[in-house]
Amino acid sequence: MKVIAEGFNSFETPKKPIGIVKYLPDPKSVIALIKSGKLKDHIVLAQGGTTTFLAPALSMGCSGVITLSGAPESHLGILSREFQIPCVMTTYLTDRDSRYVTGGDNKAHFEAMVEALDGKKVQIDCSGELGRVALVD
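Each residue of the sequence shown is one higher than the one before, counting from 0 in numbering that gives the first Met the number 0.
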């Protein structure tokens, strides 16, 4: 497996979930994924650590979380620890120099991240200080 993205690790865990990345930009997409009955097959991708509408996906059993911004101390970081769901935060692509900048114009960075990850089968590794996202063949 090839590591394609890294970020802050919300908490260390030996769990290494594998799933299809699903970008959830709004509450409607969260509800649709839950209603599909396939939530457990997915690692959810959200824009920020303060994305409170993602809480139902965590409580109903998504296998992992990736965020484009936010820190382990943010809402999603705290919830991921509570539910023991591996979470990589403020993720960046390992083959690009683009990084999230607090208060900056991050639109291009977010779009590149969603394009690179959404729909891909990945494994999250949060066993160390750094969270990693690897493509699964």
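Beta carbons are placed, not taken as given, at the ideal position from N, Cα and C, and that holds for glycine.
In this text, all values refer to a predicted model and were calculated from it rather than measured experimentally.
Please classify residue i: does DSSP put it in a helix, a strand, or coil?
{"i": "Phe142", "result": "For the chain, the structure presents residues 0 to 136; residue 142 sits outside this window and is missing."}
Going by CA-CA distance only, name the one from the options that's closest to residue i.
{"i": "Thr51", "options": "Ser35, Gly69, Leu38 and Asp40", "result": "Gly69"}
{"i": "Lys21", "options": "Thr12, Lys14 and Leu32", "result": "Leu32"}
{"i": "Thr89", "options": "Thr101, Glu81, Leu78 and Arg80", "result": "Thr101"}
{"i": "Lys27", "options": "Leu53, His74 and Gln46", "result": "Leu53"}
{"i": "Val43", "options": "Ser35, Leu57, Lys34 and Gly36", "result": "Leu57"}
What do you get for residue i, buried or exposed, if any count of 16 or more other CB atoms within 10 angstroms of its CB means buried?
{"i": "Met0", "result": "exposed"}
{"i": "Ala107", "result": "exposed"}
{"i": "Met59", "result": "exposed"}
{"i": "Gly130", "result": "buried"}
Minimum length 4: unbroken alpha helix (DSSP H) runs contained in the stretch 52-119: 54-58, 74-82 and 106-116
Contact the stretch 1-17 vs the stretch 80-90: 3+ CB pairs below 8 Å: yes
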